[in-house]
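Everything on this sheet refers to the single structure shown next.
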Amino acid sequence: MYKLENALRDYAWGSKTAIAELLGRPASGGPEAELWIGAHPGAPSMARRTDGSETPLDALIASDPEHFLGSESVAEFGPRLPFLAKILAAAQPLSLQVHPSIEQAGAGFARENAEGIAPDAANRNYRDDNHKPEMIFALTPFESLCGFRDPAATRKILAHIGACFDLIETEVPPLLTELIQFLENPDEGAGLRAAFERLIQGGEDVPRATATVAAALASGASLAPYQTELSTVVSLNEQYPGDPGVLISLLLNRISLAPGEAVYLPEGKIHAYLSGLGVEVMASSDNVLRGGLTPKFVDVPELLRTVDFTSVAVPMLNPEISGLGQQLYRPPFREFQLQRIELAPGAAPVPLAQSGAVVMIVVEGAVYLDSPKGDLELARGGSAFLAAAEAPVNVHAVGGATETAVAFAVTTGALSAA
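Residue numbers for the sequence shown follow the working numbering, beginning at -19 and rising by one.
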């Protein structure tokens, strides 16, 4: 077992306080958007050896992949940790985005390398050759846009916006009528694609219509029963005036997660996290194709090759719950699963669900990790990497503790037999 020091990413949309408050440490004073816990080469955690020295986690794993990952994980995913965990804290919306398939990522990464595009170039789409299915577990109320809504439901929202224009005796922008016509297509996917393309590729009439719609919605017209969706339009336009993503948000499911709820996102599903604090887990990748709500590079043709234009119900992820304080979240991806462990003072130890390597972080109290090969105590804010060879591991409440401990552990999903 190795204690970890993790990389903190200071993206502009990050909260200045949420991660620090969660982990019980002073805030840095700047935005703290993501704490990366894993071995992605873009920002690997530092593993502390018993002699006090540190080494990047990806380098440690590379020194003996079968010991650290297990032979089954190496055979399935190669000699790299197949997942990446993050604490994500959004004070402002993230970009509207989608993640590629593993085939698209591999081809795109090789193509951009061959073209000589620098790894950190602003116009680079592919930072690595992996796909990025993901899940988010809400630690606080968490707001998001997630996948395409049923077009019939979106048509009702657009019709309601039209009624708002009637009340203020202003002409409805022709673009809204176009969108409704696209969404009447019996071929649902074709209709969604046409509406999305019209907005993402549109000319000057898109920002003009966006501003007009936002003004109409902010004029005092009743937003009910679509208050959440329509107030999101107003808010997004205040932050990204005229951006195509503002009206694209109307095509998407607008979801509010309560603390303890989780949602998963397969490849190709357009989404944007709007606000909140959560535990995010994904395949180990940093590949993002953006579609709006950002000043960063947007490659529209590559984006359109990536998006899945199928409407979906909100893909909620319910846990398997044991009688020992375990909640196990198993998304339909082979790379990872998330375990939440809660231990009251004096509670019986909980066996760690482990298949391959594990990363763990403690967000409340303290825990004691015990295996036949060693042990480790982690206080609030502490994190660790557990080699596959360390199994089996039991998670104990620390003796004499007076507060409940809460920890999150991520391990490989495909190999699990918890």
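Note that CB positions come from ideal geometry on N, CA and C, so glycine has one too.
All values derive from a computational prediction rather than experimental measurement.
Candidates the options: closest to residue i by CA position
{"i": "A65", "options": "P36, L269, S363", "result": "S363"}
{"i": "P166", "options": "A87, E92, T290, V186", "result": "T290"}
{"i": "M340", "options": "L318, G50, P352", "result": "L318"}
{"i": "A(-8)", "options": "Q72, S53, G4, P21", "result": "Q72"}
{"i": "P224", "options": "S124, P275, T384", "result": "P275"}
{"i": "A175", "options": "L138, E383, A371, R188", "result": "L138"}
{"i": "V261", "options": "G326, G345, P311", "result": "P311"}
{"i": "A196", "options": "Q84, S211, E95", "result": "S211"}
{"i": "S264", "options": "G4, A94, F57", "result": "F57"}
{"i": "E344", "options": "P299, A333, R320, P352", "result": "R320"}
{"i": "E177", "options": "L155, A94, A191", "result": "L155"}
{"i": "V259", "options": "Y(-18), K(-4), D(-10), L3", "result": "L3"}
{"i": "V241", "options": "I228, Y309, A39", "result": "The displayed chain sequence assigns Glu, not Val, to residue 241. Considering only alpha carbons, the answer is Y309."}
{"i": "R135", "options": "I160, S215, H111, A385", "result": "I160"}
{"i": "G32", "options": "S43, T120, Y(-18), I301", "result": "Y(-18)"}
{"i": "E370", "options": "G379, D109, L356", "result": "L356"}
Minimum Cβ-Cβ distance from residue i to chain D less than 8 angstroms
{"i": "E260", "result": "Considering every chain present, this structure includes no chain D. It has just one protein chain."}
Own chain partners of residue i with C-beta closer than 6 angstroms, once the 5 adjacent residues on each side are dropped
{"i": "G(-6)", "result": "P11, E12, A13, A69"}
{"i": "A397", "result": "Confidence in A397 is poor, its pLDDT being 41 and thus under 50, which makes the residue's placement too unreliable to answer from."}
{"i": "A23", "result": "A(-13), W16"}
{"i": "G50", "result": "G336, A368"}
{"i": "L284", "result": "none"}
{"i": "R173", "result": "F289"}
{"i": "V386", "result": "E322, V343, E344"}
Contact under 8 angstroms by Cβ, residue i with residue j
{"i": "S75", "j": "I148", "result": "no"}
{"i": "T392", "j": "E315", "result": "yes"}
{"i": "D266", "j": "R107", "result": "yes"}
{"i": "V213", "j": "S229", "result": "yes"}
{"i": "P131", "j": "L179", "result": "no"}
{"i": "P59", "j": "A42", "result": "yes"}
{"i": "V280", "j": "Q181", "result": "yes"}
{"i": "Y220", "j": "L273", "result": "yes"}
{"i": "P121", "j": "P239", "result": "yes"}
{"i": "P113", "j": "F313", "result": "yes"}
{"i": "I141", "j": "H111", "result": "no"}
{"i": "P40", "j": "A55", "result": "Inspection of the sequence shows that residue 40 is occupied by Leu rather than by Pro. Not closer than 8 angstroms, so no."}
Other residues of its chain near residue i: CB distance less than 8 angstroms, five sequence neighbours each side excluded
{"i": "G127", "result": "L232, N233, L245, K249, I250, H251, S291, V292, V294, P295"}
{"i": "V243", "result": "M115, I116, S124, C126, I235, L237, V294, P295, M296, L297"}
{"i": "S25", "result": "L(-16), E(-15), N(-14), A(-13), W16, I17, G18, A19, P36, L37, V339, S363, F365"}
{"i": "A98", "result": "R104"}
{"i": "T382", "result": "P325"}
{"i": "R188", "result": "P153, G222"}
Cβ separation of residue i and residue j, assumed to be a contact under 8 angstroms, to the nearest whole Å
{"i": "G361", "j": "V342", "result": "7 angstroms"}
{"i": "L358", "j": "A346", "result": "6 angstroms"}
{"i": "L227", "j": "T190", "result": "6 angstroms"}
{"i": "L323", "j": "A377", "result": "4 angstroms"}
{"i": "L457", "j": "L119", "result": "Residue 457 is absent from the structure shown; the chain starts at -19 and stops at 398."}
Nonlocal neighbours in the same chain, by C-beta distance under 7 angstroms from residue i, ignoring five residues either side
{"i": "T286", "result": "V78, P80, Q84, G248, L269"}
{"i": "I129", "result": "The sequence as given places Arg at residue 129; Ile does not occur at that position. The answer, listed in chain order, is L231, L232, N233, S291."}
{"i": "D288", "result": "G248, K249"}
{"i": "E168", "result": "P131, S291"}
Exercise. What are the start and end residues of each continuous beta strand (DSSP E) run of 3 or more residues lying completely inside the stretch 63 to 150, in chain order?
Worked result: 63 to 70, 76 to 78, 114 to 118, 122 to 128
Exercise. In the stretch 221 to 299, which residue ranges form an unbroken alpha helix (DSSP H) of at least 4 residues, counting only runs that do not cross its ends?
Worked result: 224 to 228, 280 to 286
Exercise. Which runs of the alpha helix (DSSP H) spanning at least 4 residues fall entirely within the stretch 165 to 223, listed in chain order?
Worked result: 168 to 180, 185 to 197, 207 to 219
Problem set entry | Length at least 4, wholly inside the stretch -16 to 66: the alpha helix (DSSP H) runs in chain order | -2 to 3, 37 to 43, 45 to 49, 51 to 57
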